[in-house]
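Read in UniProt numbering, the sequence shown has 13 at position 13, and its numbers run on one by one without any break. Here a beta-carbon is modelled for each residue, glycine too, at the ideal position from N, C-alpha and C. Since the model is a prediction, treat every value here as computed from it, not as a measurement. So the structure is just underneath, and the comments pick up after that.
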Amino acid sequence: MNVPTNTPHSFGEAHHTWDTESATSLDVLREAPAADPQRKVPTVTRLLQAEGANIIVFTFAPGQVLNDHKAAHPVTIQCLQGSLDVECPDKTVRLTPGKVLHLPQRVIHKVSSPSDSASEAILLLTMLTGTS
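Here you go:
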């Protein structure tokens, strides 16, 4: 099975780069892309390219799905708003605000927003590149 492998560049240029002299702060909920219910897949933007990590945010309308894919690096996945189901080979995890899922590199997974959701869902993906 040919499953796409995502890298930070799969999500376009970063809107921000890190400040090498101080902390970098982002308002992820404000900068998240607007959901587009006309699409089958969520909207996405790469917010930050930083030393050791890239921050990517997705906004899902109810019923939208990211079909099977994998990441070239380890990732953490957080749901900042709404709820999302992450299907991995060995289990399905329901993410809600406050829960975090870590996946090693190249683990095939699928992410979906339940079709009966009352609102959009925002997913924060941190791709742990280990490099700048």
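Per DSSP, the bridge partner or partners of residue i
i, result
"residue 54", "49, 127"
"residue 40", "Residue 40 pairs with nothing; no bridge assigned."
"residue 79", "123"
"residue 95", "84"
"residue 67", "DSSP, once it has assigned bridges, lists no residue as partnering residue 67."
For residue i, the three-state DSSP class (helix, strand or coil)
i, result
"residue 31", "helix"
"residue 112", "strand"
"residue 73", "coil"
"residue 16", "strand"
Assumed close pair residue i, residue j - CB separation to whole angstroms, cut-off 8 Å
i, j, result
"residue 112", "residue 85", "5 Å"
"residue 32", "residue 61", "Not confirmed; about 13 Å, so no contact."
"residue 41", "residue 78", "Incorrect: roughly 19 Å between the Cβ atoms, too far for contact."
"residue 49", "residue 4", "Contact doesn't hold; Cβ gap of about 20 Å is too wide."
"residue 58", "residue 128", "With a Cβ gap of about 17 Å, residue 58 and residue 128 do not count as contacting."
"residue 110", "residue 66", "6 Å"
Through-space distance from residue j to residue i, alpha-carbon basis
i, j, result
"residue 19", "residue 94", "34 Å"
"residue 14", "residue 45", "8 Å"
"residue 11", "residue 69", "14 Å"
"residue 71", "residue 105", "6 Å"
"residue 115", "residue 130", "35 Å"
"residue 121", "residue 73", "23 Å"
"residue 37", "residue 103", "27 Å"
Cβ pair count under 8 Å reaching 3, the region 19-34 against the region 86-98 = In this structure the region 19-34 does not touch the region 86-98; the number of beta carbon pairs closer than 8 Å is below three.
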